[in-house]
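What follows is one structure encoded as structure tokens, with my remarks underneath.
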Amino acid sequence: MKFFNISSFVIFLFLSTLSGASFAATKCFKVIFVTVCIPTKTVPTKVYATGYDEDDIDLPAGSSWQKYAKVWIDGNPTSLTDGTYQASGNSIFVDNSNRVYVAGYAQGGSPITNSIAKLWTDGVELNLTDGSQSAVANSVYSDGVHSYVAGYEMNGSTPEGKVWIDGTAVYSEPNTWLYGVFVVGPDVYYVGTTKPSPASDYQGRIWKNGIPLPDGLQPSNSGYSRTTASSLYVQVTHGVPTIYIAGSTTQSSSVTQATVWRNGVAIYLTPVSKQPNGTIHSEASSIFVKNQDMYVAGYFYENYVQRAKLWKNGVASTLSAGENDAYATSVFVDSQSNVYVSGVEENVNYANMPNTGMIWKNGAVHFSSLPYYRHSISSVFVK
Numbered sequence: 142m143k144f145f146n147i148s149s150f151v152i153f154l155f156l157s158t159l160s161g162a163s164f165a166a167t168k169c170f171k172v173i174f175v176t177v178c179i180p181t182k183t184v185p186t187k188v189y190a191t192g193y194d195e196d197d198i199d200l201p202a203g204s205s206w207q208k209y210a211k212v213w214i215d216g217n218p219t220s221l222t223d224g225t226y227q228a229s230g231n232s233i234f235v236d237n238s239n240r241v242y243v244a245g246y247a248q249g250g251s252p253i254t255n256s257i258a259k260l261w262t263d264g265v266e267l268n269l270t271d272g273s274q275s276a277v278a279n280s281v282y283s284d285g286v287h288s289y290v291a292g293y294e295m296n297g298s299t300p301e302g303k304v305w306i307d308g309t310a311v312y313s314e315p316n317t318w319l320y321g322v323f324v325v326g327p328d329v330y331y332v333g334t335t336k337p338s339p340a341s342d343y344q345g346r347i348w349k350n351g352i353p354l355p356d357g358l359q360p361s362n363s364g365y366s367r368t369t370a371s372s373l374y375v376q377v378t379h380g381v382p383t384i385y386i387a388g389s390t391t392q393s394s395s396v397t398q399a400t401v402w403r404n405g406v407a408i409y410l411t412p413v414s415k416q417p418n419g420t421i422h423s424e425a426s427s428i429f430v431k432n433q434d435m436y437v438a439g440y441f442y443e444n445y446v447q448r449a450k451l452w453k454n455g456v457a458s459t460l461s462a463g464e465n466d467a468y469a470t471s472v473f474v475d476s477q478s479n480v481y482v483s484g485v486e487e488n489v490n491y492a493n494m495p496n497t498g499m500i501w502k503n504g505a506v507h508f509s510s511l512p513y514y515r516h517s518i519s520s521v522f523v524k
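The sequence shown begins at 142 in the numbering used here and counts up one residue at a time.
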């Protein structure tokens with residue numbers, strides 16, 4: 142009697158699927174008493190970024206520079222606007238269907254001179270405001286079904302924070318600039334900086350579904366006079382959310398300190414130290430959390446120069462070099478734990494060194510926009 146060898150049969154099936162494929166890694170399975178290792182395909186990633194560029198090509202002498210909202214995909218630029226009016230992309234997000242969302246703004250033009258908050262989906266523009274008041278969209282998130290945008294619209298001289306869901310304003314916060322939005326299941330978290338009254342100081346705040354979180358989860362000021370909230374990340378472990386907020390605290394009118402709050406508890410990323418010329422110090426602009434590791438992008442003044450910085454679990458590394466000021470605007474960690482940071486290197490003398498949009502990967506320059514015109518990269522996303 143012959144016995145059917147299932148292990149050999151399974152190995153044959155595995156191997157018969159491999160012809161003609163290209164692989165770069167292996168995955169192993171144990172079948173009965175045999176361990177079978179098969180190559181696995183590597184999924185290519187794309188690096189998406191948004192911001193703006195400016196130029197004065199073909200314009201009369203003395204004309205204002207044209208400012209285009211831009212998307213870069215693996216370094217290849219596409220304009221979201223035609224340069225007729227000033228515009229910028231401030232935040233980028235790519236969903237699981239590879240739809241590319243960009244939040245930003247563009248000025249309306251005659252007779253509308255105010256900036257209009259915008260959402261572009263695969264390049265298709267949606268006005269979030271009507272231009273009757275100046276407005277800006279600062280952050281975008283998608284769960285694959287709905288789009289969520291955080292920003293603000295001016296009400297006279299007073300800002301009103303807004304969260305738009307699929308283009309409709311759903312949440313509104315008076316006296317507030319909103320800068321970040323994050324969605325977990327049915328819950329919409331958003332952060333910003335509020336000034337409740339003319340006599341009060343600025344305070345970073347967080348809301349969930351239109352309701353402020355309890356005081357214990359709000360960014361604590363720990364005796365400082367001012368806090369700001371620029372970005373947030375919500376990590377859920379066993380159904381329990383941990384809320385991270387990046388921003389700054391201020392001891393006086395000229396001393397700021399890059400800060401992260403973890404469930405309301407402050408983590409200071411830099412010491413409070415005034416530079417010899419009395420200038421400001423540091424700020425955290427973006428946060429990303431992966432596998433319990435906390436990545437923060439921002440800047441820190443060192444020896445009269447503003448340096449673009451990345452902090453991993455509170456340990457700083459410097460991204461920029463030389464004598465040009467620089468700052469980091471956004472951080473993203475991909476599935477292979479590669480760390481991407483967007484930002485800008487600049488010089489106050491544009492004739493010598495215009496703004497250059499930057500993306501650093503694992504601490505080294507990954508992409509630099511053309512140096513001939515003024516550029517800024519405000520957000521990076523990898524998928």
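Just so it is clear, CB atoms sit at the ideal spot from N, CA and C, and this is done for glycine as well.
Predicted, not measured: the structure shown is a model, and the values here were computed from it.
How is residue 358 classed by DSSP in three states: helix, strand or coil?
-> Counted from its first residue, the sequence shown places residue 358 at position 217. In the structure shown, residue 358 sits in a helix (DSSP, three-state: H, G or I).
Best match in 248, 281, 442, 236 for proximity to residue 229 [C-alpha to C-alpha] | Here the question's residue 229 lines up with position 88 in the sequence shown. Nearest option by C-alpha distance: 248.
Using the C-alpha atoms, what's the distance from residue 396 back to residue 318?
-> Residue numbering aside, residue 318 sits at position 177 when the sequence shown is read from its first letter. Residue numbering aside, residue 396 sits at position 255 when the sequence shown is read from its first letter. Cα-Cα distance, rounded: 21 Å.
With DSSP run on the structure shown, which of helix, strand or coil describes residue 411?
-> Position 270 of the sequence shown, counted from the start, is the residue given in the question as residue 411. Correct three-state label for residue 411: coil.
Could you give the DSSP three-state label for residue 286: helix, strand or coil?
-> Start at 1 with the first residue of the sequence shown, and residue 286 comes out as number 145. If DSSP states are grouped into helix, strand and coil, residue 286 belongs with coil.
Just mark residue 506 as buried or exposed, buried being the case when its beta carbon has 16 or more other beta carbons within 10 Å.
-> Taking the sequence shown and counting its residues from 1, the one referred to as residue 506 is at position 365. Residue 506 is exposed by the Cβ-count criterion.
Looking at C-alpha atoms only, which residue of 379, 331, 351, 377 is the closest neighbour of residue 360?
-> Residue 360 sits at position 219 when you count from the first residue of the sequence shown. Here the closest residue by C-alpha is 331.
Closer than 7 Å by C-beta to residue 215: which residues in its own chain qualify, once you throw out the five before and the five after it? Chain order, please.
-> Within the sequence shown, numbered from 1, the residue matching residue 215 stands at position 74. Here the set comprises 187, 188.
Cβ neighbours of residue 522 in the same chain (closer than 7 Å, five flanking residues each side left out) | Translated into positions along the sequence shown, residue 522 becomes position 381. For residue 522, where only same-chain residues beyond five positions count, the Cβ hits under 7 Å are 189, 233, 234, 235, 473.
May I ask you to report which of helix, strand or coil DSSP gives residue 382?
-> As a working note, residue 382 is residue 241 in the sequence shown. If DSSP states are grouped into helix, strand and coil, residue 382 belongs with the strands.
Would you call residue 510 buried or exposed, if buried means 16 or more other Cβ atoms sit within 10 Å of its Cβ?
-> Translated into positions along the sequence shown, residue 510 becomes position 369. Buried, by the Cβ-count rule.
CB residue 483 to CB residue 428, shorter than 8 Å?
-> Reading the sequence shown from its first residue, position 342 is the one you call residue 483. Reading the sequence shown from its first residue, position 287 is the one you call residue 428. Contact flag unset, no.
Would you give the residue range spanned by the beta strand (DSSP E) that residue 464 belongs to?
-> On the sequence shown, residue 464 is found 323 positions in, with the first residue counted as 1. Note, residue 464: premise wrong, no beta strand (DSSP E); not H, not E.
Where does residue 501 fall in DSSP's three states?
-> The residue labelled residue 501 in the question sits at position 360 within the sequence shown. Of the three classes helix, strand and coil, the one that applies to residue 501 here is strand, per DSSP.
So what does DSSP say about residue 185, is it helix, strand or coil?
-> Here residue 185 refers to the residue found at position 44 when the sequence shown is read from its first residue. In this structure, residue 185 counts as coil in the three-state DSSP scheme.
Buried or exposed for residue 485, please, with buried defined as at least 16 other CB atoms from any protein chain shown within 10 angstroms of its CB.
-> The count along the sequence shown starts at 1 and reaches residue 485 at position 344. Buried: at least 16 other Cβ atoms inside 10 Å.
Would you check if the distance between the CB atom of residue 288 and the CB atom of residue 277 is smaller than 8 Å?
-> Numbered from 1 along the sequence shown, position 147 holds the residue referred to as residue 288. Numbered from 1 along the sequence shown, position 136 holds the residue referred to as residue 277. No, Cβ-Cβ distance for residue 288 and residue 277 is not below 8 Å.
With 16 other CB atoms within 10 Å as the buried threshold, where does residue 480 fall?
-> Residue numbering aside, residue 480 sits at position 339 when the sequence shown is read from its first letter. Residue 480 should be labelled buried.
Residue 344, buried or exposed, once every other Cβ within 10 Å from all chains shown has been counted against 16 = Against the sequence shown, residue 344 aligns to sequence position 203. By the neighbour-count rule (16 or more Cβ atoms within 10 Å), residue 344 is buried.
Please work out which residues of its chain come closer than 8 Å, Cβ to Cβ, to residue 366, disregarding the five sequence neighbours upstream and downstream, and give them in chain order.
-> For the purposes of this step, residue 366 is taken as the residue at position 225 of the sequence shown. Same-chain partners within the cutoff: 342, 391, 392, 393.
For residue 240, I'd like the list of residues in its chain whose CB is within less than 8 Å of its CB, leaving aside the five on either flank, ordered along the chain.
-> Taking the sequence shown and counting its residues from 1, one reaches residue 240 at position 99. Closer than 8 Å at the Cβ level, and outside the excluded window around residue 240, lie 262, 263, 283.
Which residues does DSSP pair with residue 434 in a beta bridge?
-> Start at 1 with the first residue of the sequence shown, and residue 434 comes out as number 293. Looking at the DSSP assignment, residue 434 forms a beta bridge with 431.
Give the straight-line distance between the Cα atoms of residue 383 and residue 251, rounded to the nearest whole angstrom.
-> For the purposes of this step, residue 383 is taken as the residue at position 242 of the sequence shown. For the purposes of this step, residue 251 is taken as the residue at position 110 of the sequence shown. Roughly 46 Å between the two C-alpha positions.
Span of the beta strand (DSSP E), counted from its first residue to its last, around residue 343 | For the purposes of this step, residue 343 is taken as residue 202 along the sequence shown, with counting starting at 1. Unbroken run through residue 343: none, as it is neither H nor E.
When 399, 372, 476, 192 are compared against residue 90, the one with the closest alpha-carbon | Absent from the model: residue 90. The displayed extent of the chain is 142 to 524, so no value can be given.
Per DSSP, the bridge partner or partners of residue 296 | Along the sequence shown, read from residue 1 onward, the residue named residue 296 stands at position 155. In DSSP, residue 296 forms a bridge with 299.
Quick one: measure Cβ to Cβ for residue 446 and residue 464, integer angstroms, because I've assumed they're closer than 8 Å.
-> Locating residue 446 in the sequence shown gives position 305, where the first residue counts as 1. Locating residue 464 in the sequence shown gives position 323, where the first residue counts as 1. That pair is a contact at about 6 Å.
Throw me the rounded Cβ distance for the residue 226 and residue 211 pair, which I believe falls under 8 Å.
-> Here residue 226 corresponds to residue number 85 of the sequence shown, with the count starting at 1. Here residue 211 corresponds to residue number 70 of the sequence shown, with the count starting at 1. Actually they do not touch by this definition, with Cβ atoms about 14 Å apart.
Return helix, strand or coil for residue 337, following the three-state DSSP convention.
-> For this step, residue 337 is matched to residue 196 along the sequence shown. Residue 337 falls in the coil class under three-state DSSP.
Measure the CB-CB distance between residue 243 and residue 191 and report whether it falls below 8 Å.
-> Here residue 243 corresponds to residue number 102 of the sequence shown, with the count starting at 1. Here residue 191 corresponds to residue number 50 of the sequence shown, with the count starting at 1. Cβ atoms of residue 243 and residue 191: closer than 8 Å.
Give me the Cα-Cα distance between residue 441 and residue 274, rounded to the nearest whole angstrom.
-> Looking up residue 441 in the sequence shown gives position 300. Looking up residue 274 in the sequence shown gives position 133. For residue 441 and residue 274, the distance between alpha carbons rounds to 34 Å.
Nearest to residue 460 by CA position, among 499, 308, 475, is which residue?
-> In the sequence shown, counting from the first residue as 1, residue 460 sits at position 319. It is 499.
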